[in-house]
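S.K.: Following this message is one structure expressed as structure tokens.
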Amino acid sequence: MNNQRAFQNIRMNNRQMKPRNQGITEVRGPYYTVMGKHYLQDMLETMGEYIDILKFSGGSFMLYPEDKLRELLDLAHVYDVKVSTGGFMETVLTQGPEAVDHYLQECKRVGFDIIEISTGFITMPTDDIVRLVKKVQAAGLLAKPEIGVQFGAGGTNSIEENEAEGVTDPSQAIEVGKRCLDAGAYMLMIESEGITESVRSWRTEIATQFARELGTENVVFEAADPEVFEWYVKNYGPEVNVFVDHSQIVQLEVLRRGIWGTKDLWGRVITFNDGE
Numbered sequence: 037m038n039n040q041r042a043f044q045n046i047r048m049n050n051r052q053m054k055p056r057n058q059g060i061t062e063v064r065g066p067y068y069t070v071m072g073k074h075y076l077q078d079m080l081e082t083m084g085e086y087i088d089i090l091k092f093s094g095g096s097f098m099l100y101p102e103d104k105l106r107e108l109l110d111l112a113h114v115y116d117v118k119v120s121t122g123g124f125m126e127t128v129l130t131q132g133p134e135a136v137d138h139y140l141q142e143c144k145r146v147g148f149d150i151i152e153i154s155t156g157f158i159t160m161p162t163d164d165i166v167r168l169v170k171k172v173q174a175a176g177l178l179a180k181p182e183i184g185v186q187f188g189a190g191g192t193n194s195i196e197e198n199e200a201e202g203v204t205d206p207s208q209a210i211e212v213g214k215r216c217l218d219a220g221a222y223m224l225m226i227e228s229e230g231i232t233e234s235v236r237s238w239r240t241e242i243a244t245q246f247a248r249e250l251g252t253e254n255v256v257f258e259a260a261d262p263e264v265f266e267w268y269v270k271n272y273g274p275e276v277n278v279f280v281d282h283s284q285i286v287q288l289e290v291l292r293r294g295i296w297g298t299k300d301l302w303g304r305v306i307t308f309n310d311g312e
């Protein structure tokens, strides 16, 4: 594939080549819109260099004929894009251990790379989450637990519903995250509800606590609204890991590259390399 760009003499921020361990962009695949081979191919042919993970949200992969699902996964791999199941594991868990084993076997067989382990609607002891991380890794897949402070996250709750439920102590989520990383988890997904989503005002101090205690290199921040990923880029730099909708790839990458931005970001999001 020819990735040579035009305008080579116009400077912009450098980006680590894939496979990256920083500045990861995870994008939402089929969920709000249908995604077929040609749709995905158009996206990857033009912007595949800037996409690291394609996520099938909400168990959407369950609806595809297997041959069409494999087409999407195989195409993503051509462009060095990992493919994630999204947070469907919590649904599978309600059906028992045999269902979990079947799920992991099928994910491996059809070509998924990452199993997201979310617990937005269920409560699990930390030891069980850690065991699940190890089980995923033992199956030859990458475990990506989701942590957050809002029970019921992932269901697009209203502000009032979230306020009635209340938020949990971030230190609890951080402890879970640390133990999962120690168990070999690939990365942690930081759920946005209770922080920047479905709240009256952003609780960025929680995001800061996650970043400080877990390390920005170990987390992917959910940032599905432009003003949210702008805040993360502004505060943590162009190499922060974020999850956005696939329709926002270009908007995010021009911020990362420092070639365009809002009045708050213009001229501020830059990197420096003195040749060392």
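Under the working numbering, the final residue of the sequence shown carries the number 312; numbering is consecutive throughout. Cβ coordinates follow ideal geometry from the N, Cα and C atoms, glycine included. Because the structure is a prediction, the values reported are computed rather than measured.
So, at 6 Å on beta carbons, what are the nonlocal neighbours of VAL290 in its own chain, with the 5 sequence-adjacent residues on each side left out?
M.R.: Sequence index remark: in the sequence shown, residue 290 carries index 254 (1-based). Hits under 6 Å: TRP296.
S.K.: Any contact between the segment 64-71 and the segment 80-93? By contact I mean 3 or more CB pairs, one from each, below 8 Å.
M.R.: Touching, yes, given that three or more Cβ pairs across the two stretches are closer than 8 Å.
S.K.: Under a three-way DSSP split, which group does GLU152 fall into?
M.R.: Indexing the sequence shown from 1 puts residue 152 at position 116. Strand, per DSSP.
S.K.: Got a sec, what are the start and stop residues for the alpha helix (DSSP H) ARG106 sits in?
M.R.: Sequence index remark: in the sequence shown, residue 106 carries index 70 (1-based). Start and end: 102-114.
S.K.: Count the other CB atoms, across all protein chains shown, that sit within 10 Å of the CB of PHE257; report buried if there are 16 or more and exposed otherwise.
M.R.: Translated into positions along the sequence shown, residue 257 becomes position 221. It is buried - the Cβ of PHE257 has at least 16 other Cβ atoms within 10 Å.
S.K.: Using 10 angstroms around the beta-carbon of GLN186, count the other beta-carbons present and answer buried if the total reaches 16, otherwise exposed.
M.R.: As a first step, residue 186 must be located in the sequence shown, where it is residue number 150. Counting Cβ neighbours within 10 Å, GLN186 comes out buried, since at least 16 surround it.
S.K.: Note down the Cα distance separating ASN254 from LEU224, rounded to an integer number of angstroms.
M.R.: Counting from one through the sequence shown, the residue named residue 254 turns up at place 218. Counting from one through the sequence shown, the residue named residue 224 turns up at place 188. Distance between the alpha carbons of ASN254 and LEU224: 6 Å.
S.K.: For the segment 223-301, list the beta strand (DSSP E) runs that are entirely contained and at least 3 residues long, ordered along the chain.
M.R.: Runs of the beta strand (DSSP E) inside the segment 223-301: 224-226, 255-258, 278-281.
S.K.: Between which two residues does the alpha helix (DSSP H) harbouring GLU126 extend?
M.R.: The count along the sequence shown starts at 1 and reaches residue 126 at position 90. Looking at the DSSP string, the run of the alpha helix (DSSP H) that includes GLU126 is 125-129.
S.K.: Within a Cβ cutoff of 6 Å, which residues of the same chain sit near LYS170, ignoring the five residues on either side of it in sequence?
M.R.: As a first step, residue 170 is located in the sequence shown; it is residue number 134 there, counting from the start. If we look at LYS170 and ignore the five residues flanking it on each side, its Cβ neighbours are ALA219.
S.K.: When DSSP labels each residue in this structure, what does LEU177 get in the three-state scheme?
M.R.: Counting from 1 along the sequence shown, the entry for residue 177 is found at position 141. Of the three classes helix, strand and coil, the one that applies to LEU177 here is coil, per DSSP.
S.K.: Note down the Cα distance separating VAL146 from ASP164, rounded to an integer number of angstroms.
M.R.: Here the question's residue 146 lines up with position 110 in the sequence shown. Here the question's residue 164 lines up with position 128 in the sequence shown. Near 26 Å, if we compare the C-alpha coordinates of ASP164 and VAL146.
S.K.: Grab me the residues of ASN277's own chain with a C-beta within less than 6 Å of its C-beta, minus the 5 sequence neighbours each way, in chain order.
M.R.: Position 241 of the sequence shown, counting from 1, holds the residue named residue 277. Same-chain partners within the cutoff: ILE60, VAL256.
S.K.: Does VAL169 come out as helix, strand or coil in the three-state DSSP assignment?
M.R.: For the purposes of this step, residue 169 is taken as residue 133 along the sequence shown, with counting starting at 1. Three-state DSSP puts VAL169 in a helix.
S.K.: I'd like to confirm the pairing. Which residues does DSSP put opposite VAL119 in its beta bridges?
M.R.: Mapped onto the sequence shown, residue 119 falls at position 83. LEU90.
S.K.: Helix, strand or coil, according to DSSP, for GLN186 in the structure here?
M.R.: Translated into positions along the sequence shown, residue 186 becomes position 150. Strand.
S.K.: I'd like to confirm the pairing. Which residues does DSSP put opposite ARG51 in its beta bridges?
M.R.: On the sequence shown, residue 51 is found 15 positions in, with the first residue counted as 1. Answer is none; ARG51 lacks a bridge partner.
S.K.: Using the three-state DSSP reduction, which class does THR61 fall into: helix, strand or coil?
M.R.: Your numbering for residue 61 matches position 25 in the sequence shown. Of the three classes helix, strand and coil, the one that applies to THR61 here is strand, per DSSP.
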